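First up is the structure itself, then whatever we jot down about it.
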Amino acid sequence: MTRARPNWKGAPVWSGLPYPLGASYDGQGTNFALFSEVAERVDLVLVDDDGNHSSIPLPDVDGFVWHCYLPGVGPGQRYGYRVHGPWAPAVGHRCNPAKLLLDPYTRAVDGQVDNHPSLFERARGRADTGDSAGHTMLGVVTDPFFDWGDDRPPRRPYSESVVYEAHVRGLSRTHPEVPEELRGTYAGLAHPAVVEHLTSLGVTAVELMPVHQFVHDGHLRDRGLSNYWGYNTIGFFAPHNGYAAHGTRGQQVSEFKSMVKTLHEAGLEVILDVVYNHTAEGNEKGPTLSFRGIDNASYYRLVDGDWQHYYDTTGTGNSLLMRHPYVLQLIMDSLRYWVTEMHVDGFRFDLAATLARQFHEVDRLSAFFDLIQQDPVISRVKLIAEPWDVGEGGYQVGNFPQLWSEWNGKYRDAVRDFWRAEDHSLGEFASRLTGSSDLYQHSRRRPRASVNFVTAHDGFTLRDLVSYNDKHNEANGEDNRDGESHNRSWNCGAEGETRDPAVRELRGRQQRNFLATLLLSQGIPMICHGDELGRTQRGNNNAYCQDNEISWIDWRLNEEQRALLDFTRRLIALRADHPVLRRRRYFRGETVTHAGQPLPDLVWLRPDAREMTDDDWRRSDAHTVGVFLNGDAIAEPDPCGRRVTDDSFLLLLNSHWEPGGFRLPDATYGERWTTLIDTADPEGTPDEAEHKAGTVVSVEQRSLVLLSRPSRTGR
Numbered sequence: 001m002t003r004a005r006p007n008w009k010g011a012p013v014w015s016g017l018p019y020p021l022g023a024s025y026d027g028q029g030t031n032f033a034l035f036s037e038v039a040e041r042v043d044l045v046l047v048d049d050d051g052n053h054s055s056i057p058l059p060d061v062d063g064f065v066w067h068c069y070l071p072g073v074g075p076g077q078r079y080g081y082r083v084h085g086p087w088a089p090a091v092g093h094r095c096n097p098a099k100l101l102l103d104p105y106t107r108a109v110d111g112q113v114d115n116h117p118s119l120f121e122r123a124r125g126r127a128d129t130g131d132s133a134g135h136t137m138l139g140v141v142t143d144p145f146f147d148w149g150d151d152r153p154p155r156r157p158y159s160e161s162v163v164y165e166a167h168v169r170g171l172s173r174t175h176p177e178v179p180e181e182l183r184g185t186y187a188g189l190a191h192p193a194v195v196e197h198l199t200s201l202g203v204t205a206v207e208l209m210p211v212h213q214f215v216h217d218g219h220l221r222d223r224g225l226s227n228y229w230g231y232n233t234i235g236f237f238a239p240h241n242g243y244a245a246h247g248t249r250g251q252q253v254s255e256f257k258s259m260v261k262t263l264h265e266a267g268l269e270v271i272l273d274v275v276y277n278h279t280a281e282g283n284e285k286g287p288t289l290s291f292r293g294i295d296n297a298s299y300y301r302l303v304d305g306d307w308q309h310y311y312d313t314t315g316t317g318n319s320l321l322m323r324h325p326y327v328l329q330l331i332m333d334s335l336r337y338w339v340t341e342m343h344v345d346g347f348r349f350d351l352a353a354t355l356a357r358q359f360h361e362v363d364r365l366s367a368f369f370d371l372i373q374q375d376p377v378i379s380r381v382k383l384i385a386e387p388w389d390v391g392e393g394g395y396q397v398g399n400f401p402q403l404w405s406e407w408n409g410k411y412r413d414a415v416r417d418f419w420r421a422e423d424h425s426l427g428e429f430a431s432r433l434t435g436s437s438d439l440y441q442h443s444r445r446r447p448r449a450s451v452n453f454v455t456a457h458d459g460f461t462l463r464d465l466v467s468y469n470d471k472h473n474e475a476n477g478e479d480n481r482d483g484e485s486h487n488r489s490w491n492c493g494a495e496g497e498t499r500d501p502a503v504r505e506l507r508g509r510q511q512r513n514f515l516a517t518l519l520l521s522q523g524i525p526m527i528c529h530g531d532e533l534g535r536t537q538r539g540n541n542n543a544y545c546q547d548n549e550i551s552w553i554d555w556r557l558n559e560e561q562r563a564l565l566d567f568t569r570r571l572i573a574l575r576a577d578h579p580v581l582r583r584r585r586y587f588r589g590e591t592v593t594h595a596g597q598p599l600p601d602l603v604w605l606r607p608d609a610r611e612m613t614d615d616d617w618r619r620s621d622a623h624t625v626g627v628f629l630n631g632d633a634i635a636e637p638d639p640c641g642r643r644v645t646d647d648s649f650l651l652l653l654n655s656h657w658e659p660g661g662f663r664l665p666d667a668t669y670g671e672r673w674t675t676l677i678d679t680a681d682p683e684g685t686p687d688e689a690e691h692k693a694g695t696v697v698s699v700e701q702r703s704l705v706l707l708s709r710p711s712r713t714g715r
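The UniProt record's numbering puts the first residue of the sequence shown at 1, with every later residue one more than the last.
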């Protein structure tokens, strides 16, 4: 063990306060507070710039919180804890003062773990005596002061939201206009070239993959890989130090705040993908880094009657104990910190079903949801659930409470099936296109409950979805066993990259079909970063460990990619301009008499212009449908209380392998229609041809056409 040497200049140790937890600098000194119900003694360890340690026994404990105040200790000071107490895995306790532990509440982290044996409990029947100092991460005291200026959250209405899922490192790592020293960092994401791409694209929110401090798993490091995605959190208050351009002694906090401020100035919301369901310590064979050594039985769910093993509904080895008050406090304190101090605008909760497991079953009335509902800070930001986990009964799409939106996995599956012309796919596709009322309306939720996506970080990119029938994950070093095997993908006639012009043309058309469907659907659309550019991962559908060209966006665009980018921009702008494409309430399929016109708000049409019947929906070979979206029938107040009408649209969809003709409905629907989108065109937007009522519009195989006519009542 490193010999202790005072480095806080021998100042007296004051009692301090039990709250707030963590290290809190007040301008003159720092208060340290750590929860542990099982501890018999706690030592605070200060580490100086030369790596020398000073061990300070915490003098006071109140309500299981050990605390002290050190005058003169300020920002940049590195620290950890040693917790003395029982090491009795059979009853759930794993205290071991040989482990230098990270403060769960630290605001910044210096260093990374190195997979040294001292991090693990290797000996049978006793704790390993190896000291982990020098092989683990250290907390850092941070300066809470930052000049936010006149920063204001954009607060976009849900109905206007277009979410862009992005990876801090992958987004800017190869961008030629970003200085090399800033690429792959918070500062790189905030660079004008990246911000301009986002704003010109038209998205309203950036959903960042995990930025909480995470750990690179030892088995990945041994194979020369890393935990690139970051779903391996160890510090719920600390921005990941690997994304910092300017230093890791607290500079990462200021850099993150500057990024948020810049994105807000550009009108972009910042949503964080957060992983509160488990930690990076894994199961009983994993490293002891923080929670396990501080109070294992309080922080983690243990197997009933077998407390040396962990109850795991996340597939990572452990799950946090969501009924323990200090675990719930940790999560709520973390969420409030990121909103109030870091100014983020919302959260996407990874494996959110686990957060609802107060005991064993998923319970929408659990303490976690109650706390969110009544919290005056968190209840007012955007809340998005990944509504499943790997435990029994874990698939919970449609079952989250009122405040929540959800990643709609059924949308992804239905849209993929429709565009690869699966039998019996039309009916569910129609439900997903119009907002999935079958999933959400029963609990009085609105279309905003559905976050629609065709691709996300987990799985194929959009380009790979239309280029591969099978996953190709050999680079992950797991013999292609990892990743989802049933992807609902179709390679359009050749596996992987090809020079065949017919295959390439069809792949481009399918990408346009998916993007157009996504952005013309009711609900909140989410685009996976780089899909608008035709990004490929070479068929890897589980690139979680690939911090390299497989995962990074390649900004060298060819003509096809530039055309896809322009097409995506036009679709997003079209959606923004037309409220009927992003309604706040569900279609009713009924005539809206108070709107002053006879047509229903939505009508499903056969290719012969007759309305769809139940028999039509049940046909296994039904691959074509038209839908009339009545802009004159919106007649609902916008967020400012004004009643809105809009242009009306005809969306003609043909996922069949043969072209088809759609007869336009009679003049009751509209006398003349203008073509706005045709995905069979390489640009996606042909000349705005006009079509009269009752005439036939040709829709090529595997394509869609969008027609419009002006509002009859004015907007």
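The C-beta atom is built at its ideal place from N, Cα and C for all residues, glycine as well.
Remember, it's a predicted structure, so these values are computed and weren't measured experimentally.
If I'm right that residue i touches residue j with Cβ under 8 Å, what's the distance once you round it to whole angstroms?
| i | j | result |
| --- | --- | --- |
| L651 | G684 | Actually they do not touch by this definition, with Cβ atoms about 14 Å apart. |
| I384 | L403 | At roughly 10 Å, the Cβ-Cβ gap does not stay under 8 Å, so I384 and L403 are not in contact. |
| G391 | T354 | 7 Å |
| L653 | T624 | 7 Å |
| L426 | W657 | At roughly 15 Å, the Cβ-Cβ gap does not stay under 8 Å, so L426 and W657 are not in contact. |
| M322 | L330 | Not quite, the Cβ-Cβ distance comes to about 11 Å (not below 8 Å), so this is no contact. |
| R535 | R463 | 6 Å |
| G670 | R606 | That belief does not hold up - the Cβ atoms of G670 and R606 are roughly 18 Å apart, past 8 Å. |
| E700 | T674 | Not a contact, Cβ separation roughly 18 Å. |
Is the distance from the Cβ of residue i to the Cβ of residue j below 9 Å?
| i | j | result |
| --- | --- | --- |
| C95 | E40 | yes |
| V466 | R507 | yes |
| N318 | Y300 | yes |
| G409 | T461 | no |
| G459 | S521 | no |
| Y228 | A543 | yes |
| K261 | H343 | yes |
| N115 | G218 | yes |
| A166 | E207 | yes |
| A449 | R432 | no |
| G483 | L439 | no |
| F291 | E281 | yes |
Thinking C-alpha only, which one of the options is nearest residue i?
| i | options | result |
| --- | --- | --- |
| G184 | N469, T674, E255 | E255 |
| Y326 | L706, F35, L520 | F35 |
| R610 | G694, D304, A205, E406 | G694 |
| S172 | V195, F237, R155 | V195 |
| C528 | A205, F291, M612 | A205 |
| residue 716 | R223, N476, D482, N469 | What the structure shows of the chain is the stretch from 1 to 715, and residue 716 is not part of that stretch, so it cannot be assessed. |
| M137 | G188, H167, A449, L46 | L46 |
| P333 | S443, P20, A576, E688 | Here residue 333 turns out to be Asp, not Pro, going by the sequence shown. The shortest Cα separation from D333 among S443, P20, A576, E688 belongs to P20. |
| L533 | L565, A502, G539 | L565 |
| D632 | D621, S620, T645 | T645 |
| E549 | L201, L225, L58 | L225 |
| R357 | D389, Q374, R348, P12 | D389 |
| I234 | V113, A23, F64 | V113 |
| G170 | P579, D614, Q546 | Q546 |
Can you give me the start and stop residues for the beta strand (DSSP E) that residue i sits inside?
| i | result |
| --- | --- |
| E165 | 163 to 166 |
| I384 | 382 to 385 |
| N654 | 648 to 654 |
| W66 | 65 to 71 |
| R606 | Careful: R606 lies outside any beta strand (DSSP E) and carries neither H nor E. |
| L272 | 269 to 274 |
| M526 | 524 to 528 |
Identify the continuous alpha helix (DSSP H) that holds residue i and give its terminal residues.
| i | result |
| --- | --- |
| E559 | 559 to 577 |
| L201 | 192 to 201 |
| W307 | Looking at the DSSP string, W307 is not in any alpha helix (DSSP H); the run it does join, the beta strand (DSSP E), is 306 to 310. |
| W657 | First-last for W657: undefined, no H or E at that position. |
*With contact counted as at least three CB pairs below 8 Å, one residue from each stretch, are the region 92 to 106 and the region 57 to 71 in contact?*
no
*Say whether the region 488 to 499 touches the region 143 to 162, bearing in mind that this needs 3 or more beta-carbon pairs closer than 8 Å, one atom from each stretch.*
no
*asked:* Below 8 Å, how does it come out for the region 102 to 117 and the region 132 to 151: are there three or more Cβ pairs, yes or no?
replied: yes
*If you pair each beta-carbon of the region 239 to 246 with each one of the region 262 to 281, do three or more pairs fall below 8 Å?*
no
*asked:* Closer than 8 Å is the cut-off here; do at least three beta carbon pairs connect the region 555 to 571 with the region 674 to 684?
replied: yes
*For the 8 Å Cβ check, are there 3 or more pairs between the region 689 to 705 and the region 662 to 669?*
yes
_For the region 373 to 382 against the region 472 to 488, do three or more pairs of beta-carbon atoms, one drawn from each stretch, fall closer than 8 Å, so that the two count as touching?_
no
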